[in-house]
Every structure is written in structure tokens, then in C-alpha cells.
Amino acid sequence: MVSLQVDTNPPSKVKRGTRTIANVKDQFFLGGIPENVRSVGINVRSSYQGCLKNFRIKDSSVVELSNPASMFGDISMFGCPIAD
Numbered sequence: 003m004v005s006l007q008v009d010t011n012p013p014s015k016v017k018r019g020t021r022t023i024a025n026v027k028d029q030f031f032l033g034g035i036p037e038n039v040r041s042v043g044i045n046v047r048s049s050y051q052g053c054l055k056n057f058r059i060k061d062s063s064v065v066e067l068s069n070p071a072s073m074f075g076d077i078s079m080f081g082c083p084i085a086d
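Number 75 in this note's numbering belongs to position 73 of the sequence shown; there are no gaps in the numbering.
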């Protein structure tokens, strides 16, 4: 299940299939994938445009996004260009 909460709105949820665990052994991309990455099951037409904060995976603490392993595209780590 994927649950997304934007600002103070109630979370929206999508449930598909019967899997409960994503066993990610390779890279995990958030917001899109680089053009040179191809993988079975990934069908991305465009990347996410917006801002993220307080990102959590399941019931874990907030994932620190200010020090990613790598970044691609036009990304600002200082503020939210969409909201500014």
C-alpha cells in the first residue's frame, strides 16, 4: 500500500497486489529515475515536480533527505522553488 499525505489533508491510499514488503536490493529512487537507468517494471514518463519534507518509510523516523547518495536534475536543497 502507498499512502501519501500532502500538508494537513487526510492521507490518500492506494492498495494493489498482495505484497507487503518491498525487498529493494538495488538503488532506491525518489521522485524519478535518471534517463540512463532501465529496469523491468519501471515505466516512468516524467519525474516528480514539487517539494518533499518529512518523508517516512512505513513507521520509521523521518528519512534525512539533505544528504542523498546522489542527485540528478534541477534540485534545490535550500527551500522549495515551487512554493517560493
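Ideal Cβ placement from N, Cα and C applies to all residues, glycine included.
Return the chain-ordered list of same chain residues with a C-beta closer than 7 angstroms to the C-beta of I59, the five sequence neighbours on each side being excluded.
Numbered from 1 along the sequence shown, position 57 holds the residue referred to as residue 59. Around I59: V65.
Determine the DSSP secondary structure at S5, reduced to helix, strand or coil.
Position 3 of the sequence shown, counting from 1, holds the residue named residue 5. Here S5 sits in strand by DSSP.
Could you say which of N56, P36, F57 and L54 lies nearest to R47 if we only look at CA atoms?
As a working mapping, residue 47 is identified with position 45 in the sequence shown. Nearest of N56, P36, F57 and L54 to R47, Cα basis: P36.
Out of S68, D61, G52 and D9, state which residue places its alpha-carbon closest to the alpha-carbon of G33.
Counting from 1 along the sequence shown, the entry for residue 33 is found at position 31. Nearest of S68, D61, G52 and D9 to G33, Cα basis: G52.
In its own chain, which residues sit with a C-beta less than 6 angstroms from the C-beta of N56, not counting the 5 before and 5 after it?
One-based indexing of the sequence shown puts residue 56 at position 54. Cβ neighbours of N56 beyond the five flanking positions: V64.
Just the C-alpha distance for S49 and S78, rounded to the nearest angstrom, thanks.
Position 47 of the sequence shown, counting from 1, holds the residue named residue 49. Position 76 of the sequence shown, counting from 1, holds the residue named residue 78. Distance between the alpha carbons of S49 and S78: 15 angstroms.
Grouping DSSP H, G and I as helix and E and B as strand, with all else coil, what is S15?
For the purposes of this step, residue 15 is identified with residue 13 of the sequence shown, where counting begins at 1. It should be noted that the sequence gives Lys, not Ser, for residue 15. The answer is strand: DSSP assigns K15 an E or B state.
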